[in-house]
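Chemist:
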Amino acid sequence: MPDTTTRLLADATPTAPALVLRPWNLADAAGLAELSGDEALRRWTSFAVDNESSAARWLREQRHGWERGSRFAFAVEEVHPLAAGGLLAGHVVLKDVVPGAASAEVGYWTVARARGRGIAPRALHALSDWAFTTFARDGLTRLVLRHQAGNTASCRVAEKSRYALSAVLPAQPPAWPQEGHLHVRHPAGRAD
Numbered sequence: 192m193p194d195t196t197t198r199l200l201a202d203a204t205p206t207a208p209a210l211v212l213r214p215w216n217l218a219d220a221a222g223l224a225e226l227s228g229d230e231a232l233r234r235w236t237s238f239a240v241d242n243e244s245s246a247a248r249w250l251r252e253q254r255h256g257w258e259r260g261s262r263f264a265f266a267v268e269e270v271h272p273l274a275a276g277g278l279l280a281g282h283v284v285l286k287d288v289v290p291g292a293a294s295a296e297v298g299y300w301t302v303a304r305a306r307g308r309g310i311a312p313r314a315l316h317a318l319s320d321w322a323f324t325t326f327a328r329d330g331l332t333r334l335v336l337r338h339q340a341g342n343t344a345s346c347r348v349a350e351k352s353r354y355a356l357s358a359v360l361p362a363q364p365p366a367w368p369q370e371g372h373l374h375v376r377h378p379a380g381r382a383d
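Note that this note's numbering has the sequence shown beginning at 192, numbered continuously upward.
1. Around the Cβ of Glu268, are there at least 16 other Cβ atoms within 10 angstroms (buried) or fewer (exposed)?
2. What are the boundary residues of the beta strand (DSSP E) that Gly281 is part of?
3. Helix, strand or coil for Pro378? Go by DSSP, reduced to three states.
4. If you follow the beta strand (DSSP E) that Gln369 is in, where does it begin and where does it stop?
5. How many angstroms separate the CA atom of Arg333 from the CA atom of Thr197?
6. Have a look at Lys286 and Glu296 and give me their C-alpha separation to the nearest angstrom.
7. Are three or more beta carbon pairs between the stretch 288 to 295 and the stretch 321 to 333 nearer than 8 Å?
8. Given a cut-off of 9 Å, decide if Tyr299 and Leu318 are closer than it, judged by their beta-carbon atoms.
9. Which value, in whole angstroms, describes the spacing of the CA atoms of Pro290 and Trp321?
Now the structure itself:
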């Protein structure tokens, strides 16, 4: 079972710094609260943090997911050689993990300054590889990603991360006011 010391890495590219994916912790509350005014984050995700108190509550929920072994949420940080610590760039999560189940779901978001820079696909790729490696012995053979059909940026991230469009999902207001897309990824070499 993974624990809260788990760290995932995405190598630097010629145009972007390396990424570190690490479990969220309560020290992240102030940084999360600063994201409360991000309209795109509120429009396309269920992110409901308005202040440090709600950020702390959200962070406790992420920690409980790790403790239950059903949800593994990671802060995504850019690693800059001259900076002490990483710079928050986003979030990726593996959720609905059930021992013996063949499928689990992934999700992600990025902060405004990180969008359009290839961070989300790199982080999602690192999370997906980790999920298949870590949970293959428990039967995991399929990861799914859902997003609203109007979120074309998420569609591009899914495709860049080897998640193939599998189905168009009907709207389910109020959580999903638009049709959605279901993308699926299998471990390398498997296409069932």
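All C-beta atoms, glycine included, are put in the ideal place defined by N, C-alpha and C. Please read these numbers as outputs of a predicted model, since none were measured by experiment.
Modeler: Result, derived from the coordinates:
1. Indexing the sequence shown from 1 puts residue 268 at position 77. Buried, because 16 or more other Cβ atoms sit within 10 Å of the Cβ of Glu268.
2. Here residue 281 refers to the residue found at position 90 of the sequence shown. From DSSP, the beta strand (DSSP E) with Gly281 extends over Leu278 to Lys286.
3. Position 187 of the sequence shown, counted from the first residue, corresponds to residue 378. In the displayed model, Pro378 falls within coil according to three-state DSSP, outside both helix and strand.
4. One-based indexing of the sequence shown puts residue 369 at position 178. That residue, Gln369, is in no beta strand (DSSP E); it is neither H nor E in DSSP.
5. Residue 333 sits at position 142 when you count from the first residue of the sequence shown. Residue 197 sits at position 6 when you count from the first residue of the sequence shown. Approximately 22 Å between the Cα atoms of the pair.
6. Position 95 of the sequence shown, counting from 1, holds the residue named residue 286. Position 105 of the sequence shown, counting from 1, holds the residue named residue 296. Distance between Lys286 and Glu296, taken at the CA atoms: about 5 Å.
7. Contact annotation: the stretch 288 to 295 touches the stretch 321 to 333, with at least three C-beta pairs closer than 8 Å.
8. Reading the sequence shown from its first residue, position 127 is the one you call residue 318. Reading the sequence shown from its first residue, position 108 is the one you call residue 299. Yes.
9. What you label residue 290 is simply residue 99 of the sequence shown in a count that begins at 1. What you label residue 321 is simply residue 130 of the sequence shown in a count that begins at 1. The alpha-carbon atoms of Pro290 and Trp321 are separated by roughly 16 Å.
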